[in-house]
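Participant:
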Amino acid sequence: MEHLVNSKVKNIELSGIRKFFNLVADYDDVISLTIGQPDFATPEHVKEAGTQSIKNDFTTYTHNAGFIELRKAASQYVEKKYNLTYSPEDEVIVTVGASQAIDCTFRTLLEEGSEVILPSPVYPGYEPLIKLAGGIPIYVDTTKNDFKLTAELIEPHLNENTRCIVLPYPSNPTGVTLDVAELEDIAELVRDKNLFILSDEIYSELVYTKTHHSIASFLRNQTVVINGLSKSHSMTGWRIGLLFAPKTVAKHILKVHQYNVSCATSISQKAALEALTVGIDDALEMKDAYKERLDYVYKRLIDMGFEVVKPDGAFYLFPSISKFNKSSFDFALSLVQEAGVALVPGSAFSTYGEGYVRLSYAYSMEKLVTAMDRIEQYLKSM
Ligand SMILES: Cc1ncc(COP(=O)(O)O)c(C=O)c1O
18 MEHLVNSKVK
28 NIELSGIRKF
38 FNLVADYDDV
48 ISLTIGQPDF
58 ATPEHVKEAG
68 TQSIKNDFTT
78 YTHNAGFIEL
88 RKAASQYVEK
98 KYNLTYSPED
108 EVIVTVGASQ
118 AIDCTFRTLL
128 EEGSEVILPS
138 PVYPGYEPLI
148 KLAGGIPIYV
158 DTTKNDFKLT
168 AELIEPHLNE
178 NTRCIVLPYP
188 SNPTGVTLDV
198 AELEDIAELV
208 RDKNLFILSD
218 EIYSELVYTK
228 THHSIASFLR
238 NQTVVINGLS
248 KSHSMTGWRI
258 GLLFAPKTVA
268 KHILKVHQYN
278 VSCATSISQK
288 AALEALTVGI
298 DDALEMKDAY
308 KERLDYVYKR
318 LIDMGFEVVK
328 PDGAFYLFPS
338 ISKFNKSSFD
348 FALSLVQEAG
358 VALVPGSAFS
368 TYGEGYVRLS
378 YAYSMEKLVT
388 AMDRIEQYLK
398 SM
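Structure follows, in structure tokens:
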């Protein structure tokens with residue numbers, strides 16, 4: 018009966034990151050630096066708020082957009098951090114992770130044949146959702162521009178079918194961020210055009226030397242901001258995302274969200290309230306640890322002769338492996354087999370990711386040291 022399965026669903030594939038992760042699971046003694054998940058526990062007080070929520074029977078449906086105290090806290094968070102004003106009543110939606118916010122946004126904004134511009138290499142979570150919503154992903158090669166999608170690179174791809182531009186900064190898989198001037202240039206380019214920016218800011222709390230800015234500060238009416246607690250508070254399993262949009266758009270996104278999930282989990286919402294209030298600066302400590310790891314791993318890679326852009330956010334490095342004359346898949350596989358270290362082949366992040374591998378440094382320093390030693394040994398033996 019498989020022939021009856023919707024053709025759009027048949028044509029999408031499982032994420033290359035997961036595929037590689039599963040493949041690695043069959044090998045013994047491999048240090049896997051493949052998953053983009055913080056290695057810290059959810060802060061104790063946040064866990065406690067979740068536990069209390071169960072004990073207090075806060076276990077029923079909430080408002081579809083999330084309970085109002087949480088929406089207020091989310092609104093205050095973006096106000097305080099990014100000077101953005103969103104009404105908790107009708108411009109904030111609490112979603113099931115950033116992933117569901119992305120899905121709802123594409124399904125709300127895209128028509129059959131709508132084009133969506135994406136920087137490439139890019140997080141593989143967008144393309145399948147764009148295609149399911151009838152859209153067409155348009156990948157823009159950023160490899161010669163330090164992985165930054167700038168106004169100059171966007172302009173040649175704009176046409177009457179362009180409905181959305183995805184700005185996922187700080188970026189997965191490269192860790193690169195855009196600065197204020199670059200965001201302003203993009204805002205100028207697209208202002209008053211019939212298109213939206215989907216600004217995926219899930220790594221906004223993990224920017225190391227600069228300050229994170231949102232393009233919504235310059236283009237509020239045309240921007241859907243997506244954030245969440247997965248990375249900032251090490252809450253990937255709690256599944257809490259946050260979506261901010263002008264009310265004319267948010268009211269439509271809310272319908273898609275409502276029929277999709279009714280609401281985010283009530284228990285997780287209580288934990289999220291704690292994270293966004295008492296725990297508003299919880300990410301700082303983790304950020305310091307990531308920064309130390311970034312500096313360490315970056316130096317080791319450079320000393321080994323890798324070409325790699327030094328990123329300023331998230332927890333990834335994206336070194337070039339082009340000089341090894343192997344596809345990114347073959348290089349990553351030989352690294353697993355010969356060195357006992359797993360990195361994700363760059364090809365998992367669209368075609369322009371070929372020639373690179375992604376390394377997540379959201380792992381303990383001890384693991385990172387051993388992994389770097391192993392890679393160094395492997396390169397010497399090549
Ligand atoms: C750029 C980007 N956006 C969204 C997500 C999904 O976040 P969540 O786990 O909150 O759904 C990820 C997860 O890795 C990501 O890297």
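Going by the working numbering, the sequence shown opens with residue 18, and the numbers climb by one from there. C-beta: ideal position from N, C-alpha, C; glycine also.
1. Give every residue of the same chain whose Cβ lies closer than 6 Å to the Cβ of Glu129, excluding the five residues on either side of it in the sequence, and list them in chain order.
2. Under 6 Å: does the beta carbon of Ile232 sit that close to some heavy atom of ligand 1?
3. Between which two residues does the alpha helix (DSSP H) containing Phe346 stretch?
4. State the start and end residues of the unbroken alpha helix (DSSP H) segment that holds Val386.
5. Could you check what DSSP says for Arg256 in three-state terms: helix, strand or coil?
6. DSSP three-state label for Ala359, please.
7. Closest to Glu201 by C-alpha separation, out of Ile119, Phe235 and Ile34, would be which residue?
8. For ligand 1, is there a heavy atom less than 6 Å away from the beta-carbon of Ala365?
9. Taking only heavy atoms of ligand 1 into account, decide whether any of them is closer than 6 Å to the Cβ of Pro185.
10. Among the candidates Leu50, Met382 and Thr125, whose CA atom is the shortest distance from the CA of Gly357?
11. With a cut-off of 8 Å on the beta carbons, I'd call Ser283 and Thr76 a contact; round off their distance for me.
12. Give a single yes or no on whether Tyr140 has its beta carbon closer than 6 Å to a heavy atom of ligand 1.
13. Classify Leu135 as helix, strand or coil using the three-state DSSP reduction.
14. Quick check: the Cα distance between Asp74 and Thr68, rounded to an integer number of angstroms?
15. Taking only beta-carbon atoms, is Lys165 less than 7 Å away from chain B?
16. At which residue ranges does the segment 209–281 contain complete beta strand (DSSP E) runs of 3 or more residues, listed in the order of the chain?
17. Out of curiosity, what's the CA-to-CA distance linking Met321 and Lys165?
18. Is the segment 132–149 touching the segment 174–186 in the sense that three or more CB pairs, one from each, lie closer than 8 Å?
19. Go ahead and pull the three-state DSSP assignment for Gly114.
20. Counting along the chain, where does the beta strand (DSSP E) carrying Asp312 start and finish?
21. For Glu355, which residues in the same chain have their Cβ closer than 8 Å to its Cβ, ignoring the five residues on either side in sequence?
22. Kindly identify the DSSP beta-bridge partner or partners of Tyr373.
23. Relative to ligand 1, is the shortest distance from any of its heavy atoms to the C-beta of Ala288 smaller than 6 Å?
24. Grab me the residues of Ser381's own chain with a C-beta within less than 8 Å of its C-beta, minus the 5 sequence neighbours each way, in chain order.
25. Between which residues of its own chain and Arg310 is the CB-CB distance below 7 Å, once the five residues before and five after are set aside?
Facilitator: Checking against the coordinates, here is how it stands:
1. Hits under 6 Å: Gly151.
2. Not under cutoff, so the answer is no.
3. For Phe346, the uninterrupted alpha helix (DSSP H) segment begins and ends at Ser345 to Ser351.
4. Residues Met382 to Ser398.
5. Coil at Arg256, not helix or strand.
6. Taken through DSSP and simplified to helix, strand or coil, Ala359 comes out as strand.
7. Closest by alpha carbon: Phe235.
8. Result no, Cβ not under 6 Å from ligand 1.
9. Yes, the Cβ of Pro185 comes within 6 Å of a heavy atom of ligand 1.
10. Ranking the options by Cα distance to Gly357, first place goes to Leu50.
11. Yes, they are in contact, since the Cβ atoms of Ser283 and Thr76 sit about 6 Å apart, within 8 Å.
12. Answer for Tyr140: yes, Cβ within range of ligand 1.
13. Three-state result, Leu135: strand.
14. Going by the C-alpha atoms only, they are around 10 Å apart.
15. Looking for chain B here will not work: only one protein chain is present.
16. Counting whole runs of 3 or more residues, the segment 209–281 contains the beta strand (DSSP E) stretches 213–217, 240–245 and 258–261.
17. Distance between the alpha carbons of Met321 and Lys165: 25 Å.
18. Touching, yes.
19. In this structure, DSSP gives Gly114 a helical state, which the three-state scheme calls helix.
20. Bounds of any beta strand (DSSP E) do not take in Asp312; it lies within the alpha helix (DSSP H) bounded by Ala300 to Asp320.
21. Cβ neighbours of Glu355 beyond the five flanking positions: Tyr395 and Ser398.
22. Answer by DSSP bridge pairing, in chain order: Ser337.
23. For ligand 1, not one heavy atom lies less than 6 Å from the Cβ of Ala288.
24. Cβ neighbours of Ser381 within its own chain (closer than 8 Å, five residues either side excluded): Asp56.
25. Once the five neighbours on either side are set aside, the close Cβ partners of Arg310 are Tyr378, Met382 and Leu385.
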